[in-house]
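Heads up, the thing below is written out as structure tokens.
In our numbering, the protein residues as written are 50 to 174.
Here's what the structure looks like:
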């Protein structure tokens with residue numbers, strides 16, 4: 050079993066109803082696209098699916114579903130530029146909303162982490 054596949058299964062199995070999973074799959078072509086949702090559902094982990102419109106997992110109904118453009122011409126393009134930008138934008142917005150929920154606490158933690166690692170930036174320490 051490839052390491053990435055093992056780690057994804059392990060992360061899904063370690064979830065519970067206090068966790069939140071984000072599944073990104075353009076059209077469900079990945080090896081684990083039908084396995085991970087089953088594990089997460091059994092563990093009662095809430096799920097957000099980010100996928101192309103019109104794509105549905107078999108026997109899987111995510112708690113939340115955000116759509117990305119599914120009209121890229123895969124034969125006449127250099128790469129999946131707009132797909133990557135769409136996903137990056139969605140993840141940035143989600144992170145911003147999550148961070149804002151406890152803004153002061155999160156900023157204080159971040160500053161404390163930077164202060165701690167800054168103490169050890171000097172190579173003589």
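For each residue, glycine too, the CB sits at the ideal point set by N, CA and C.
Being a predicted model, the structure only gives us computed values, none of them experimental.
Residue burial classification, residue i (beta-carbon count within 10 angstroms, cutoff 16)
{"i": "residue 96", "result": "buried"}
{"i": "residue 166", "result": "exposed"}
{"i": "residue 52", "result": "exposed"}
{"i": "residue 161", "result": "exposed"}
{"i": "residue 82", "result": "buried"}
{"i": "residue 85", "result": "buried"}
Backbone CA spacing between residue i and residue j [nearest angstrom]
{"i": "residue 131", "j": "residue 120", "result": "10 Å"}
{"i": "residue 109", "j": "residue 76", "result": "14 Å"}
{"i": "residue 150", "j": "residue 144", "result": "10 Å"}
{"i": "residue 136", "j": "residue 114", "result": "13 Å"}
{"i": "residue 68", "j": "residue 94", "result": "6 Å"}
{"i": "residue 164", "j": "residue 158", "result": "10 Å"}
Rounded distance between the beta-carbons of residue j and residue i, thought under 8 Å
{"i": "residue 88", "j": "residue 61", "result": "4 Å"}
Which residues DSSP lists as bridging residue i, in chain order
{"i": "residue 95", "result": "69"}
{"i": "residue 162", "result": "Residue 162 pairs with nothing; no bridge assigned."}
{"i": "residue 59", "result": "Paired residues: none, contrary to the question."}
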